[in-house]
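Report on the structure given below.
2 protein chains.
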Amino acid sequence: MPVTIKDVARRAGVSPSTVSRVIAGSGVISRATRERVAAVLKEMRYHPNAVARSLIRREAGIVGLSISRPASDAFANAFFTEVIRGIGDEVGAAGLDLLLSMSATPQEEQEHCLRLLRSRRIDGVIVSTARVADDLLKTLDQEGFPAVVVGRPPAGTRMSWVNNDNVAAGRMATEHLVSLGHRHIGLISGAEELSFCRDRYRGYAMALSAAGLEPEPVAHVVHFTRQDGFDAARRLLRDRPRVSAVVAVDDTLATGALQAARALGRRVPEDLSLVGFNDDPFAASLDPPLTTVRIQVYDMGRQAARILLRLVAGTAKLLRYRSAAELVVRATTCPPGGPR
Amino acid sequence: MPVTIKDVARRAGVSPSTVSRVIAGSGVISRATRERVAAVLKEMRYHPNAVARSLIRREAGIVGLSISRPASDAFANAFFTEVIRGIGDEVGAAGLDLLLSMSATPQEEQEHCLRLLRSRRIDGVIVSTARVADDLLKTLDQEGFPAVVVGRPPAGTRMSWVNNDNVAAGRMATEHLVSLGHRHIGLISGAEELSFCRDRYRGYAMALSAAGLEPEPVAHVVHFTRQDGFDAARRLLRDRPRVSAVVAVDDTLATGALQAARALGRRVPEDLSLVGFNDDPFAASLDPPLTTVRIQVYDMGRQAARILLRLVAGTAKLLRYRSAAELVVRATTCPPGGPR
DNA sequence: CTGAAAGCGCTTACAG
DNA sequence: CTGAAAGCGCTTACAG
Numbered sequence: 007m008p009v010t011i012k013d014v015a016r017r018a019g020v021s022p023s024t025v026s027r028v029i030a031g032s033g034v035i036s037r038a039t040r041e042r043v044a045a046v047l048k049e050m051r052y053h054p055n056a057v058a059r060s061l062i063r064r065e066a067g068i069v070g071l072s073i074s075r076p077a078s079d080a081f082a083n084a085f086f087t088e089v090i091r092g093i094g095d096e097v098g099a100a101g102l103d104l105l106l107s108m109s110a111t112p113q114e115e116q117e118h119c120l121r122l123l124r125s126r127r128i129d130g131v132i133v134s135t136a137r138v139a140d141d142l143l144k145t146l147d148q149e150g151f152p153a154v155v156v157g158r159p160p161a162g163t164r165m166s167w168v169n170n171d172n173v174a175a176g177r178m179a180t181e182h183l184v185s186l187g188h189r190h191i192g193l194i195s196g197a198e199e200l201s202f203c204r205d206r207y208r209g210y211a212m213a214l215s216a217a218g219l220e221p222e223p224v225a226h227v228v229h230f231t232r233q234d235g236f237d238a239a240r241r242l243l244r245d246r247p248r249v250s251a252v253v254a255v256d257d258t259l260a261t262g263a264l265q266a267a268r269a270l271g272r273r274v275p276e277d278l279s280l281v282g283f284n285d286d287p288f289a290a291s292l293d294p295p296l297t298t299v300r301i302q303v304y305d306m307g308r309q310a311a312r313i314l315l316r317l318v319a320g321t322a323k324l325l326r327y328r329s330a331a332e333l334v335v336r337a338t339t340c341p342p343g344g345p346r
Numbered sequence: 007m008p009v010t011i012k013d014v015a016r017r018a019g020v021s022p023s024t025v026s027r028v029i030a031g032s033g034v035i036s037r038a039t040r041e042r043v044a045a046v047l048k049e050m051r052y053h054p055n056a057v058a059r060s061l062i063r064r065e066a067g068i069v070g071l072s073i074s075r076p077a078s079d080a081f082a083n084a085f086f087t088e089v090i091r092g093i094g095d096e097v098g099a100a101g102l103d104l105l106l107s108m109s110a111t112p113q114e115e116q117e118h119c120l121r122l123l124r125s126r127r128i129d130g131v132i133v134s135t136a137r138v139a140d141d142l143l144k145t146l147d148q149e150g151f152p153a154v155v156v157g158r159p160p161a162g163t164r165m166s167w168v169n170n171d172n173v174a175a176g177r178m179a180t181e182h183l184v185s186l187g188h189r190h191i192g193l194i195s196g197a198e199e200l201s202f203c204r205d206r207y208r209g210y211a212m213a214l215s216a217a218g219l220e221p222e223p224v225a226h227v228v229h230f231t232r233q234d235g236f237d238a239a240r241r242l243l244r245d246r247p248r249v250s251a252v253v254a255v256d257d258t259l260a261t262g263a264l265q266a267a268r269a270l271g272r273r274v275p276e277d278l279s280l281v282g283f284n285d286d287p288f289a290a291s292l293d294p295p296l297t298t299v300r301i302q303v304y305d306m307g308r309q310a311a312r313i314l315l316r317l318v319a320g321t322a323k324l325l326r327y328r329s330a331a332e333l334v335v336r337a338t339t340c341p342p343g344g345p346r
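Those protein sequences? They're chains A and B, same order as listed.
Those letters in the first sequence? Residues 7 to 346, by the numbering used here.
Those letters in the second sequence? Residues 7 to 346, by the numbering used here.
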């Protein structure tokens, strides 16, 4: 049996209220009692019961992070691990704890998150995957739970979010290729219901249309894995032989595309230029080093947590943060046919 | 204000006890009241308060997972992400939740875990990194908290753990190289305080000594990153030019070593054989595909969780699970000088 | 400055 | 079968 405040009170010859006040550092307690109680606290190795406190304070002191992809590809992707790191640092600094909810499907995610929130097990939630039509986000909005999305929530929801401008980012990546002289530029992307995929596609299409070019049919992947990137690139390069440059919405996909190009006997960048997204840790050490759009993923995690904490504390109702994106030109892009 | 059991009781015209019994599915309640209460429950959208329940049941319903490396390299490593996935699946299936505790140092880890446990915020903890002299594990053992280590706990602690036989695994990797005819075999490893590094070293040394060979000076890394693997391999290959084969205790390190070999103009496997550990998802798609010792990481996560749940439930006191390891020969190993 | 009382939202013997 | 009471471990007005 763990020692309770009552045990301490009895031993110190005071009331539980007094012990509680000493623990809380209430200035009102006389020095003598404070010291005596403090000594007993220490001697008995008292540790406050977080659950009892939560019940009174009506806050769990825990925030949730929901990851709804099959964890196999979520965790394998540096994007998520960096986001988690940012969230963890910020949440920890605030003295709160982080509960991890993993779900394989949007339905499961919805159930998990709502159960956690409704049962007051968590005070708020960060949702790491935004879908174009997201029931969870809508419900969160309606029921007024503190929540922030990493990504773009469905239109019409009054949600807090943290995002980078994926339209602009997609445009930036594509414009780079256009400016190098490419006329046939392909795109490897994920499901259309994923907001960031849709947005990057729009940026891609805008850049092309501004240059008077036509988009190629998108090569879709199901999972954000190297293998899926490989397969998608192979299909794309076979079906559209004139494609001289490819944008992949994720560095892991780009890595797969790089291998596919090799497998088809195409040199990168001479025969095929390639741009990724995220600037994952490995991007710079690929062979050749990958040109990519750097997203400030760790920072997005921190900002998401910072916002959530403010929502939970009630010091804000709605907060949004747009993070920066930067094109990092390395060695997988050059004019069609080779440098110069 | 969320609706409580009292609100429901009032509306349904029964006592809170009765409502509670209906929720718990107590068979003793009359059909009529059961149905009436159930209707009100639904109508009022009642959701039980997990915190209040935890207080009574004296269990949080949450288990912790502690990750103590700098998250930057922990998460980037497929080992951890697979472990998390296994744990998450098992914990979720049992209807419990998972709290993630990340710490940058062993000291921080100790503080975090003990706070979580002592404050009864979590019912037990899975510690994902075992150190040779681990204060945390010793304290966990002494204070009798349900805990399981992924890896080998310090000698003398009566802890539950899940591990693969790293001595045998290190030996298996090295014997493979010996049997190919290598006489000068290097090792890239992490800090000696990490149990799995120490164990794999022992296996490595045993295999060599059985063949009448001498170990090379170990090339140590600080972080389990590609970069550190690169640097360590470069040092090793420069200092010990006769080394014709290298064992890296981790696939990510092996990837760095592969790049270092290339940078030094050594072909793999003709001029340098390379064996990794873990069979990370990318291992098979490296160029050339990596020979590695496959560890059943997902399974280790599941087993760790399964054991922890039994400790928490009190249906066991001490449980240990040794998982299998398997040598997967791919294309980074061959006899010195090239095939045949 | 300190204590007794009430209460956070539940559950569960104990009566009836 | 159902309710009143006690209690999980704390906090906090309210008295004094």
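No residue lacks a Cβ here, since even glycine has one placed at the ideal position from N, Cα and C.
Mind pulling the chain A residues with CB within less than 9 Å of residue i?
i, result
"Asn284 (chain B)", "Residues of chain A passing the Cβ test: none, with the nearest at roughly 13 Å."
Applying the criterion that 16 or more other CB atoms from any shown protein chain within 10 Å of the CB defines a buried residue, is residue i buried or exposed?
i, result
"Glu149 (chain A)", "exposed"
"Asp103 (chain B)", "buried"
"Met7 (chain A)", "exposed"
"Ala66 (chain A)", "buried"
"Glu220 (chain A)", "exposed"
"Ile191 (chain A)", "buried"
"Pro345 (chain B)", "exposed"
Whose Cβ in chain B lies nearer than 7 Å to the Cβ of residue i?
i, result
"His53 (chain A)", "Arg124 and Ser125"
"Arg164 (chain A)", "None at all; the shortest Cβ gap to chain B is about 21 Å."
"Gln265 (chain A)", "Ser291"
"Leu61 (chain A)", "Val57, Ala58 and Leu61"
Please list, in chain order, the chain B residues whose beta carbon lies closer than 8 Å to that of residue i.
i, result
"Pro8 (chain A)", "Arg124 and Arg126"
Check residue i in the structure and name its three-state DSSP category.
i, result
"Ile35 (chain B)", "coil"
"Asn55 (chain A)", "coil"
"Glu149 (chain B)", "helix"
"Glu114 (chain A)", "helix"
"Met212 (chain B)", "helix"
"Arg244 (chain B)", "helix"
"Ser201 (chain B)", "helix"
"Asp305 (chain B)", "helix"
"His3 (chain A)", "With chain A represented from 7 up to 346, any question about residue 3 (chain A) goes unanswered, as that position is not in the structure."
"Ser21 (chain B)", "coil"
"Ile132 (chain B)", "strand"
"Thr261 (chain B)", "helix"
"Ala174 (chain B)", "helix"
"Gly344 (chain A)", "coil"
"Phe230 (chain B)", "coil"
"Leu106 (chain A)", "strand"
"Val253 (chain B)", "strand"
"Arg27 (chain A)", "helix"
"Glu49 (chain A)", "helix"
"Asp237 (chain B)", "helix"
If I follow the unbroken beta strand (DSSP E) through residue i, where does it start and stop?
i, result
"Leu333 (chain A)", "Ala331 to Val334"
"Ile73 (chain A)", "Ile68 to Ile73"
Start and end of the alpha helix (DSSP H) containing residue i?
i, result
"Phe288 (chain A)", "It is not in any alpha helix (DSSP H) - Phe288 (chain A) carries neither H nor E in the DSSP assignment."
"Asp95 (chain A)", "Ala84 to Ala99"
Can you pull the chain A neighbours of residue i, defined as C-beta to C-beta under 7 Å?
i, result
"Arg232 (chain B)", "Phe288 and Ser291"
"Ala213 (chain B)", "The premise fails here: Ala213 (chain B) is roughly 31 Å from chain A at the closest Cβ pair, so nothing lies under 7 Å."
"Ala66 (chain B)", "Val57"
Going by DSSP, what residues sit across from residue i in a beta bridge?
i, result
"Ser166 (chain A)", "A:Val154"
"Asp13 (chain A)", "DSSP lists no partner for Asp13 (chain A)."
"Gly282 (chain A)", "A:Thr298"
"Ala225 (chain B)", "B:Ile194"
"Arg137 (chain B)", "B:Leu200"
"Tyr327 (chain A)", "A:Val168"
Any heavy atom of the ligand ZN closer than 7 Å to the beta-carbon of residue i?
i, result
"Arg268 (chain B)", "By its list of ligands, the structure shown contains no ligand whatsoever, and the ligand ZN lies outside what it can speak to."
Could you work out which residues of chain B lie near residue i, taking near to mean beta carbons separated by less than 9 Å?
i, result
"Asp277 (chain A)", "Correct list: empty, because the minimum Cβ distance to chain B is about 17 Å."
"Asp305 (chain A)", "None at all; the shortest Cβ gap to chain B is about 14 Å."
For residue i, return the contacting residues in chain A, with the cut-off set at a CB-CB distance below 8 Å.
i, result
"Asp257 (chain B)", "Under the 8 Å cutoff, chain A gives no residues; its nearest Cβ is about 12 Å from Asp257 (chain B)."
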